[in-house]
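Those protein sequence lines, which keep their order, are chains A and B.
For the first sequence, this note's numbering assigns the number 84 to the initial residue and increments by one for each residue that follows.
For the second sequence, this note's numbering assigns the number 84 to the initial residue and increments by one for each residue that follows.
Every residue gets a Cβ at the ideal spot worked out from N, C-alpha and C, and that includes glycine.
Structure, as structure tokens:
2 protein chains.
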Amino acid sequence: MKASATDGLKPRKQPIQSRSGVTVEAIHEATIQVLLAEDLGRFTTTRVADRAGVSVGTLYQYFPNKEALLYAILLNHFEAMATEFERIASNAENAPLSDLAASIADAYVSVKMRNPEATKAMYRIAGAINQVRLSSDVFARMGRAVGEILGKANDASFADPKTATFTVLAALAGLARGSFGELGEDHGVLDNLRIESRRLAIAYLHAAASAGKNA
Amino acid sequence: MKASATDGLKPRKQPIQSRSGVTVEAIHEATIQVLLAEDLGRFTTTRVADRAGVSVGTLYQYFPNKEALLYAILLNHFEAMATEFERIASNAENAPLSDLAASIADAYVSVKMRNPEATKAMYRIAGAINQVRLSSDVFARMGRAVGEILGKANDASFADPKTATFTVLAALAGLARGSFGELGEDHGVLDNLRIESRRLAIAYLHAAASAGKNA
DNA sequence: AATATATCTGAACAATCCTTCAGTTTGGAA
DNA sequence: TTCCAAACTGAAGGATTGTTCAGATATATT
Numbered sequence: 084m085k086a087s088a089t090d091g092l093k094p095r096k097q098p099i100q101s102r103s104g105v106t107v108e109a110i111h112e113a114t115i116q117v118l119l120a121e122d123l124g125r126f127t128t129t130r131v132a133d134r135a136g137v138s139v140g141t142l143y144q145y146f147p148n149k150e151a152l153l154y155a156i157l158l159n160h161f162e163a164m165a166t167e168f169e170r171i172a173s174n175a176e177n178a179p180l181s182d183l184a185a186s187i188a189d190a191y192v193s194v195k196m197r198n199p200e201a202t203k204a205m206y207r208i209a210g211a212i213n214q215v216r217l218s219s220d221v222f223a224r225m226g227r228a229v230g231e232i233l234g235k236a237n238d239a240s241f242a243d244p245k246t247a248t249f250t251v252l253a254a255l256a257g258l259a260r261g262s263f264g265e266l267g268e269d270h271g272v273l274d275n276l277r278i279e280s281r282r283l284a285i286a287y288l289h290a291a292a293s294a295g296k297n298a
Numbered sequence: 084m085k086a087s088a089t090d091g092l093k094p095r096k097q098p099i100q101s102r103s104g105v106t107v108e109a110i111h112e113a114t115i116q117v118l119l120a121e122d123l124g125r126f127t128t129t130r131v132a133d134r135a136g137v138s139v140g141t142l143y144q145y146f147p148n149k150e151a152l153l154y155a156i157l158l159n160h161f162e163a164m165a166t167e168f169e170r171i172a173s174n175a176e177n178a179p180l181s182d183l184a185a186s187i188a189d190a191y192v193s194v195k196m197r198n199p200e201a202t203k204a205m206y207r208i209a210g211a212i213n214q215v216r217l218s219s220d221v222f223a224r225m226g227r228a229v230g231e232i233l234g235k236a237n238d239a240s241f242a243d244p245k246t247a248t249f250t251v252l253a254a255l256a257g258l259a260r261g262s263f264g265e266l267g268e269d270h271g272v273l274d275n276l277r278i279e280s281r282r283l284a285i286a287y288l289h290a291a292a293s294a295g296k297n298a
């Protein structure tokens, strides 16, 4: 049996009765809350269990270790994002690049806004765990979907769609991170996130497309 | 005496003899190395001291606590960035927006590239400490300098320069983070960082400028 | 009602960890 | 050389943490 990269991070057992489903959900929510309330150094299995109204032993029945709690949050978020992009990719007809770029930006912002606390909590995990090892397949899904969307532009084409995809997503991620961060909250940057994300995606993607014109 | 937000994070004493200057520098470097070698949970004062070839006691003569080690790295990096932007702001003559945008992007990438290990180490700290509390004045310096640079465009003007500044910097940060991250290293994204950063900054800033035309 | 299985509990253990401080070594001024 | 302050040492203390497991409780099945 080959050891997977995500071994020791997956849930330990599946909830069968309904009460255990409630427990798992409570632990998820508590993970986020503890992440927001304390700093990473005080993120503790005991604290999460307390906040979830559950004993530590129960927590360890569904999560093999502390890292798995963070993993679950991260994976949830990225899968929602990937799913959203795939939905757009399969629904979109050929259209002007501006429209496609806008829909990519809107999707990104929508997912981030759907659960702001989870989003903020995510940003605190960042360096704590190896993000790639945890969810490289999810990133691949996102890349493929966005690439597919870009292919539907009827007024532009990309010489290097992979790079264009990587750059938009990374730039949107940076803008969202900055806006959700504590720097932004005081200055009302969050209100502009939607419009600025659109502007950013549209402008960059047009530039990236026209860069390949004479190739 | 009012308590400052950065109390308990500043260096404990200034090096007087030359050997102590060497020690402090060794601790800085060791901080980065430990950050890269182990994950955040195993970032330990003892480990940093060992790697620096120094005893823990010595470490605590210059840093009041573990957090201060991270703070020092972060502050170093951001101050280098702010200084670079200020240098550009005071040297730049009136010029086309494209040139100014390119110089902003170049400066950003240059600082990040100057010490890639420190850059990568920084990304691991992220959520571990309250970034704003630590260095909000440095961020203000960066914002002011970039705003000043944008003001020198002789072919464009900004209705909302603060937002434009925030968005470029956040987007560039996201792109850099993604490129330095482990996702990017395998795919050679780092080679494109310079050109993509330029493209991103130029495209967005033009869009942001023309957005205020009819106001 | 009786049995089996799923779920939950929380005290206990071993492993670190951060930080201090009494004492030693080193560098330079007198 | 003498002497003082700067710089360094590292064992020890007090506190916290991740994880386990033997037993208690709740739900489902017969």
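Residue i classed as buried or exposed, judged by whether at least 16 other C-beta atoms fall within 10 angstroms
i	result
residue 226/B	buried
residue 88/A	Residue placement at residue 88/A cannot be trusted, given a pLDDT of 49 that sits under 50; what the coordinates show is reported in the next sentence. Residue 88/A should be labelled exposed.
residue 107/A	buried
residue 173/A	exposed
residue 283/A	buried
residue 127/A	exposed
residue 281/A	buried
residue 207/B	buried
residue 195/A	buried
residue 104/B	exposed
residue 176/B	exposed
residue 129/A	exposed
Separation of residue j from residue i, as counted between CA atoms
i	j	result
residue 293/A	residue 117/B	44 Å
residue 202/A	residue 102/B	46 Å
residue 110/B	residue 124/B	19 Å
residue 236/A	residue 139/A	52 Å
residue 92/A	residue 204/A	19 Å
residue 372/B	residue 171/B	Chain B is shown only over 84 to 298; residue 372/B falls outside these bounds and no answer can be derived.
residue 131/A	residue 144/A	14 Å
residue 247/A	residue 113/B	37 Å
residue 270/B	residue 231/A	19 Å
residue 223/A	residue 166/A	12 Å
residue 212/B	residue 199/A	19 Å
residue 209/B	residue 257/B	13 Å
residue 153/A	residue 147/A	12 Å
residue 98/A	residue 243/B	52 Å
residue 122/B	residue 178/B	45 Å
residue 233/A	residue 290/A	13 Å
residue 157/B	residue 120/B	18 Å
residue 191/A	residue 133/B	44 Å
residue 149/B	residue 149/A	22 Å
residue 238/A	residue 288/A	12 Å
residue 255/B	residue 254/A	6 Å
residue 259/A	residue 262/B	17 Å
residue 278/A	residue 162/B	30 Å
residue 151/B	residue 219/B	16 Å
Residue i (DSSP reduced to helix, strand or coil)
i	result
residue 236/A	strand
residue 157/B	helix
residue 289/B	helix
residue 174/B	helix
residue 212/A	coil
residue 168/B	helix
residue 203/A	helix
residue 96/A	coil
residue 226/A	helix
residue 294/B	coil
residue 84/B	Per-residue confidence for residue 84/B stands at a pLDDT of 32, beneath the threshold of 50, marking its modelled position as unreliable; the derived number appears in the next sentence. In the structure shown, residue 84/B sits in coil (DSSP, three-state: anything other than H, G, I, E or B).
residue 270/B	coil
residue 281/A	helix
residue 124/A	helix
residue 275/B	helix
The ligand SAM heavy atom lying under 7 Å from the CB of residue i
i	result
residue 253/A	As presented, the structure is devoid of all ligands, the ligand SAM included, so that no description of it is given.
N- and C-terminal bounds of the alpha helix (DSSP H) containing residue i
i	result
residue 140/B	139-145
residue 245/B	244-263
residue 182/A	180-197
residue 120/A	101-120
residue 131/A	128-135
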